[in-house]
Amino acid sequence: MIVDWGKEQYGIGIIEINGNGDKMVEGVIYEFTGNPFVDAGIWALSRWVDKKPEELNEDDLKGIIDDIIYVYLNKAWSKNLFSVFPNNPLTNPAVKDKKERYSKFLMELIEKIEVSEASGDCISCGRRNRVERWGKDKIPLTGSKKFVNYFSYATDGADYCPACTFAVQFVPIVMYACGNMLLLHSNSEKVMKYWSKRTVENVKKQIVAREFTGCFNEGYKNPINALFHVIQDVILHYNERWYLEKPSIDFYHFTNYNQGPDLNIYHVPTSVFTFLAYIPQHEKYFDWLKVVRRGYRYVNWEKIKEEGDYKNNPNLVYNNLLNGKSIIGFFIDRKNKEAIGGWDLIKNYLLEVRNMDEKRINTIKKIGDELADYIETAEDIKTLKKLETASNYKNYRNILRIVIKKRIENGIEDPLFTFDDYVNYLFPEGSLTWRETQDLILFRIYEKLQFWIIQQGKQDEIVTSLELEESQEEE
Ligand SMILES: [Zn+2]
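Counting from 1 along the sequence shown, just add 119 to a position and that's the residue number in my numbering.
Structure below.
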């Protein structure tokens, strides 16, 4: 039979009509919408058939239906689906012909996908019209259709076009199981592409091994630790110049479970991503891992056998990075007088994440050097102890003033710092940020004098024990 293809152009898409009157969508079905569920679903589809999102066509969508139902009908997956699509044909125990019902639903969605139009009432893409309104059994976190107060204008469901609805059905493929479900959303196509590739690989491995374990699951229960793991996994697995990427990243930690749906949104600052992307190339990368380890709470490191023993404990380094709080303290090991990672590593953190003025960083370093020099030359370990323990701004400034005096007495002509240094760089916000300055100066002194301080400490111990012995002898 000779097929006579007619071509008509509508909007940005192209409809091709063959002699039998069948409609074929040749135009672009998917563009990103900004809706985390729809975008994640588009990436799941794209990676599943290994095509760029904009290249996905009707046949691709049809071709994936059987695969996905095969996966979803497995026990571990069905269990996860209760948290995503409760009461849909796959999760509703009353439905006997699950495969047929869900397959029919998906096929009908494809049939109804219109060629891209300029605008439509879909609340996700805005370029197509809804055909039906959906509740939480089809689109997570929308609500039950009966309870109209869940929806804008009290409509009886959410307006999603068939293409967006179809994409959302594939979200579980790119979800990360972590107590509730974790969903990554980013404006960076590279981040989304690599993460979806990673999760799809995981699901395909399950198929090959015929061992179904549900959504990608690595034993995380703590969503913050999990999201840092996900970011570092993407950065370390795929060789990209990630620090140039500057993505905006959000994580949605949610459950759509019938009893108690819940949602927490975590925004990862771009500066934190850029820092994490750069750090694996730093020569002190292993010191950074040490800093992260110091962030874990309630861990008895002597009893730890494997990562699983602590990876769900709260980590203050991660929590602070996420909340824009300082982690300077975690670089300083006061007990062992160690400056973990050295000045170059912490400087990177200060510049990239804290957005600290470089002149301020250099001034603090210079003064730290001068103080270290003074303490060692004058063998003044007492001043170090005072710098370590000063508990208020006034007290700290006083210690510096005394050092200035002593330096002059010792014939050092260069001032410890100028008035300009003091006002603009050392304590630019006075009592607000003096602790930061105190910590950084201490960091630098430890870096310069660690060995010397430990030696002094040992001498102190010897002196103390000698004194003790003497006093005991006297008794
Ligand atoms: Zn749409």
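Glycine included, each C-beta is placed from N, C-alpha and C at the ideal position. Note that the coordinates shown come from a computational prediction; the quantities given were computed from them, not determined experimentally.
Rounded straight-line distance, which links the Cα of residue j to that of residue i
i              : j                 : result
isoleucine 560 : glycine 160       : 50 Å
alanine 345    : cysteine 297      : 7 Å
glutamate 308  : phenylalanine 394 : 19 Å
arginine 247   : valine 234        : 8 Å
glutamate 532  : arginine 520      : 15 Å
tyrosine 417   : aspartate 428     : 11 Å
glycine 576    : cysteine 334      : 54 Å
arginine 329   : lysine 323        : 9 Å
glutamate 337  : glycine 448       : 30 Å
aspartate 492  : tyrosine 565      : 12 Å
arginine 413   : asparagine 341    : 17 Å
glycine 132    : valine 147        : A caution first: glycine 132 carries a pLDDT of 40, below 50, which makes its placement in the model too unreliable to give a value.
proline 433    : isoleucine 368    : 21 Å
valine 250     : tryptophan 407    : 52 Å
tyrosine 189   : glutamate 457     : 55 Å
methionine 311 : tyrosine 385      : 16 Å
alanine 213    : tyrosine 221      : 14 Å
glutamate 471  : proline 388       : 11 Å
lysine 505     : glycine 487       : 14 Å
aspartate 452  : serine 165        : 47 Å
tyrosine 191   : serine 238        : 33 Å
lysine 70      : proline 366       : Here the chain has residues from 120 to 594 only, and residue 70 is not among them.
cysteine 280   : isoleucine 398    : 43 Å
tyrosine 515   : threonine 502     : 11 Å
glutamate 548  : lysine 524        : 25 Å
tryptophan 571 : isoleucine 465    : 22 Å
leucine 545    : proline 155       : 44 Å
tryptophan 361 : asparagine 467    : 16 Å
glutamine 574  : glycine 460       : 21 Å
lysine 171     : tyrosine 295      : 22 Å
tryptophan 553 : valine 349        : 35 Å
aspartate 240  : glutamate 173     : 21 Å
lysine 215     : tyrosine 149      : 33 Å
lysine 194     : arginine 479      : 58 Å
lysine 597     : tyrosine 339      : No answer is possible for residue 597: the residues shown for the chain start at 120 and end at 594.
alanine 509    : threonine 496     : 22 Å
leucine 469    : glutamine 378     : 44 Å
isoleucine 184 : alanine 282       : 14 Å
glutamine 557  : valine 522        : 15 Å
asparagine 321 : phenylalanine 285 : 22 Å
lysine 454     : valine 410        : 14 Å
tryptophan 253 : aspartate 476     : 51 Å
histidine 401  : glutamate 426     : 23 Å
isoleucine 187 : aspartate 158     : 18 Å
cysteine 244   : lysine 223        : 24 Å
Heavy atom of ligand 1 within 7 Å of residue i beta-carbon
i            : result
alanine 282  : yes
arginine 247 : yes
cysteine 334 : no
cysteine 241 : yes
tyrosine 279 : yes
cysteine 244 : yes
Expected contact under 8 Å - CB spacing of residue i and residue j to nearest Å
i                 : j                 : result
asparagine 383    : lysine 255        : Not a contact, Cβ separation roughly 18 Å.
phenylalanine 331 : tryptophan 196    : 6 Å
serine 100        : asparagine 474    : Here the chain comprises residues numbered 120 to 594, so residue 100 is not present and cannot be evaluated.
isoleucine 242    : alanine 277       : 6 Å
valine 287        : tryptophan 314    : Valine 287 to tryptophan 314, Cβ: 17 Å. No contact.
leucine 200       : proline 259       : Not really, about 10 Å apart at Cβ, beyond 8 Å.
lysine 217        : proline 205       : That belief does not hold up - the Cβ atoms of lysine 217 and proline 205 are roughly 14 Å apart, past 8 Å.
isoleucine 229    : leucine 180       : 5 Å
phenylalanine 450 : phenylalanine 562 : 6 Å
asparagine 438    : isoleucine 343    : 6 Å
phenylalanine 370 : leucine 303       : 6 Å
serine 445        : methionine 300    : Going by Cβ atoms, the distance from serine 445 to methionine 300 rounds to 31 Å, so no, they are not a contact pair.
valine 293        : threonine 318     : 5 Å
isoleucine 518    : leucine 568       : Going by Cβ atoms, the distance from isoleucine 518 to leucine 568 rounds to 17 Å, so no, they are not a contact pair.
Residue i: CB within 7 Å of a non-hydrogen atom of ligand 3
i            : result
tyrosine 376 : Ligand 3 is absent from the structure shown, which contains only ligand 1.
As an exercise, report each continuous beta strand (DSSP E) stretch of at least 3 residues that is fully enclosed by the segment 292–361, in chain order.
295–297 and 299–305
Runs of alpha helix (DSSP H) wholly within the segment 377–428 (minimum 4 residues, chain order)
389–397 and 404–413
Please specify which runs of the alpha helix (DSSP H), each continuous and at least 4 residues long, are wholly inside the segment 463–534, giving them in chain order.
477–496, 500–508 and 512–528
Suppose only complete runs of 3+ residues qualify. What are the beta strand (DSSP E) ranges in the segment 162–250, listed by chain order?
none
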